[in-house]
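Input: a single structure, listed below in structure tokens.
Protein chains in written order, with the numbering used here: chain A, 5 to 84; chain B, -1 to 364.
In structure tokens, the structure reads:
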């Protein structure tokens, strides 16, 4: 009965968006932190190539995180 | 003349409610970032106030739900809106004084439903709207935040688990600037809109806006945004004095995950117009981030408090609002009743505040 009253589609979208945004952004940002930390370790070990690769991973992950946040805010501001 | 005076009283009361909402919820918004030392208390409070203000401009769907989805806007009067607000404020102050759990959002909706029932009977309440837009999303959201934060921290620990904790903590502290900012933005989005919806209802009752073409005027958005922003800022300085007692210990990754989960759930729900208890959602996120690391680290009493708040707040605020409506109506439909009730209410709130401030709860600085 409740299912016929409640807009389950909208509620499911809230659940999906929250899981994707909440877990996804945390996971991607963690990759950025991992990349930054490992890049620092590699630099200290004088392994320039690996340090650059990990730094690129960090930059890419942080970029994706920022893009996801901006996209989320834009979606929220959309009418419809 | 009388109705214009009444409108001024109702709008003033609504903005006072919005101010207390920001004042009361500052701790929820900034606690994680301060406890992990991601930001200084001063910066956290300032950012939270600014982003609460900005967040109020993000969406108007929650305002539409409060303004047209809970009670029939055709049958709303300004006395009804006033009684709803006083019911919510009275319940918030009483629970704060007695140390009982509460939710400002639930108090406001309970007050609105209670006043509408007293004024017009059950026909004035959109029962289906209350169930589908308030009760079910309100039950789902804290659990969702708990699960999302828990999953988030499990993924994060899987990724950075073998890395030295120093750089990891520094990285997540930096990330908390963004996640904490998003949480403050989400808080402003959902909570300020409830006040916008209430003020718009009063404008409909006053005849300034047609119930058929619901829209929130710009001055309502700006004033609600300002009230919640200033409330957050003023509330924050009190929090800084007392934060030693209140803040939950967590590592920066947990703080990031809890804030991110809370922001994601509140923003997604705001997009669909669901008025949530932001306090409950943020508490759910903090519990999820804590439980994923160590179940015993979580103060599960908080979960019990949320359940108790659920059981108590909606009917209690509704009963108070219904009583206030009946008392106000004794003095007719003009401004006299609300003026007298507002004076009595201000004296009671002032008295309760003075008594409470003298006690240890607001002055301890452990």
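Each residue gets a CB set at the ideal place from its N, CA and C atoms; glycine is no exception.
Since this is a predicted model, take the numbers as computed values, not measurements.
**Prompt:** Taking the continuous alpha helix (DSSP H) assigned at residue 284 of chain B, which residues delimit it?
**Reply:** For residue 284 of chain B, the uninterrupted alpha helix (DSSP H) run begins and ends at 276 to 291, by DSSP.
**Item:** Against chain A: residues of the segment 194 to 225 of chain B by CB proximity under 8 Å
**Value:** Flagged: no residues at all.
**Request:** Pick helix, strand or coil for residue 158 of chain A, following the three-state DSSP scheme.
**Result:** Past the edges of chain A, shown from 5 to 84, lies residue 158 of chain A, and the structure says nothing about it.
**Message:** Please state the DSSP three-state secondary structure of residue 241 of chain B.
**Reply:** For residue 241 of chain B, the predicted model reports a pLDDT of 47, less than 50, meaning its position is unreliable; a value from the coordinates is still stated below. Under the three-state reduction of DSSP output, residue 241 of chain B falls in the helix class.
**Message:** Relative to the C-alpha of residue 270 of chain B, which candidate in B:64, B:14, B:92 has its C-alpha closest?
**Reply:** Ranked by how close their Cα comes to the Cα of residue 270 of chain B, the residues B:64, B:14, B:92 have B:64 in first place.
**Request:** May I ask which residues mark the beginning and end of the alpha helix (DSSP H) holding residue 11 of chain A?
**Result:** Secondary structure note for residue 11 of chain A: it is in no alpha helix (DSSP H), with a DSSP letter that is neither H nor E.
**Test: residue 147 of chain B CB closer than 8 Å to a CB of chain A** = Under the 8 Å criterion on CB atoms, residue 147 of chain B is classed as interfacial with respect to chain A.
**Message:** Would you call the segment 141 to 160 of chain B in contact with the segment 250 to 263 of chain B, where contact means no fewer than 3 C-beta pairs closer than 8 Å?
**Reply:** Yes: at least three Cβ pairs fall under 8 Å.
**Message:** On the criterion of 16 or more Cβ atoms from any shown chain inside 10 Å, does residue 187 of chain B qualify as buried, or is it exposed?
**Reply:** So residue 187 of chain B ends up on the buried side.
**Simplified DSSP assignment, three categories, for residue 52 of chain B** = The answer is helix: DSSP assigns residue 52 of chain B an H, G or I state.
**Item:** Residue span of the alpha helix (DSSP H) that contains residue 103 of chain B, given as start and end
**Value:** Counting along the chain, residue 103 of chain B sits inside the alpha helix (DSSP H) bounded by residues 102 to 118.
**Item:** is_contact[residue 248 of chain B, chain A] using C-beta, thresh 8 Å
**Value:** Judged by the 8 Å Cβ criterion, residue 248 of chain B is not in contact with chain A.
**Prompt:** Nearest-angstrom Cα distance between residue 358 of chain B and residue 65 of chain A?
**Reply:** Per-residue confidence for residue 358 of chain B stands at a pLDDT of 49, beneath the threshold of 50, marking its modelled position as unreliable; the derived number appears in the next sentence. If you take the alpha carbons of residue 358 of chain B and residue 65 of chain A, they lie about 47 Å apart.
**Item:** Beta-carbon proximity list for residue 73 of chain B, same chain, < 7 Å, skipping 5 on both sides
**Value:** Answer for residue 73 of chain B: 118, 122, listed in chain order.
**Message:** With the cut-off set at 8 Å, would you say residue 12 of chain B and residue 284 of chain B are in Cβ contact?
**Reply:** Going by C-beta atoms, residue 12 of chain B is not nearer than 8 Å to residue 284 of chain B.
**Prompt:** residue 44 of chain A versus chain B: which residues are under 8 Å apart at the beta carbon?
**Reply:** In chain order: 165.
**Asked** Quick one, which residues of the segment 123 to 140 of chain B are near chain A if we go by CB-CB under 7 Å, in chain order?
**Response** Taking 7 Å as the Cβ-Cβ cut-off against chain A, the residues of the segment 123 to 140 of chain B that qualify are 126, 129, 130, 134, 135, 138.
**Asked** Cβ of residue 55 of chain A less than 8 Å from any chain B Cβ?
**Response** It does not; no Cβ of chain B falls within 8 Å.
**Message:** For residue 68 of chain A and residue 25 of chain A, what's the separation of their Cα atoms in angstroms?
**Reply:** Distance from the CA atom of residue 68 of chain A to the CA atom of residue 25 of chain A, rounded to whole angstroms, is 12 Å.
**Message:** Given this structure, state the Cα-to-Cα distance separating residue 342 of chain B from residue 219 of chain B, to the nearest angstrom.
**Reply:** When rounded, the distance between both Cα atoms is 29 Å.
**Asked** Can you list, in chain order, the residues of the segment 15 to 28 of chain A whose Cβ is nearer than 9 Å to any Cβ on chain B?
**Response** Under the 9 Å Cβ criterion, the segment 15 to 28 of chain A contributes 15, 17, 18, 19, 20, 21, 22, 23, 24, 25, 26, 27, 28.
**Prompt:** Which residues, taken in chain order from the segment 251 to 266 of chain B, show a beta carbon closer than 7 Å to some beta carbon of chain A?
**Reply:** 254, 255, 258, 259, 262, 263, 265, 266: these are the residues of the segment 251 to 266 of chain B whose beta carbon lies less than 7 Å from some beta carbon of chain A, given in chain order.
**Item:** heavy atom of the ligand GDP below 7 Å from residue 193 of chain B C-beta
**Value:** With respect to small molecules bound, the structure shown includes none, and the ligand GDP cannot be examined in it.
**Item:** residue 37 of chain B (DSSP reduced to helix, strand or coil)
**Value:** It is coil, neither helix nor strand.
**DSSP-derived helix/strand/coil call for residue 305 of chain B** = Three-state result, residue 305 of chain B: helix.
**Prompt:** According to DSSP, what are the bridge partners of residue 69 of chain B?
**Reply:** Residue 69 of chain B pairs with B:123.
**Message:** Between residue 31 of chain A and chain B, is any beta-carbon pair separated by less than 8 Å?
**Reply:** For residue 31 of chain A, at least one C-beta of chain B is nearer than 8 Å to its own C-beta.
**Request:** Please compile the residues from chain B whose C-beta is within a distance smaller than 8 Å of the C-beta of residue 106 of chain A.
**Result:** Since the first residue shown for chain A is 5 and the last is 84, residue 106 of chain A is missing from the structure and cannot be characterised.
**Asked** Name the chain A residues that come within less than 7 Å of residue 142 of chain B, Cβ to Cβ?
**Response** Taking a Cβ-Cβ cut-off of 7 Å, the neighbours of residue 142 of chain B in chain A comprise 19, 22, given in sequence order.
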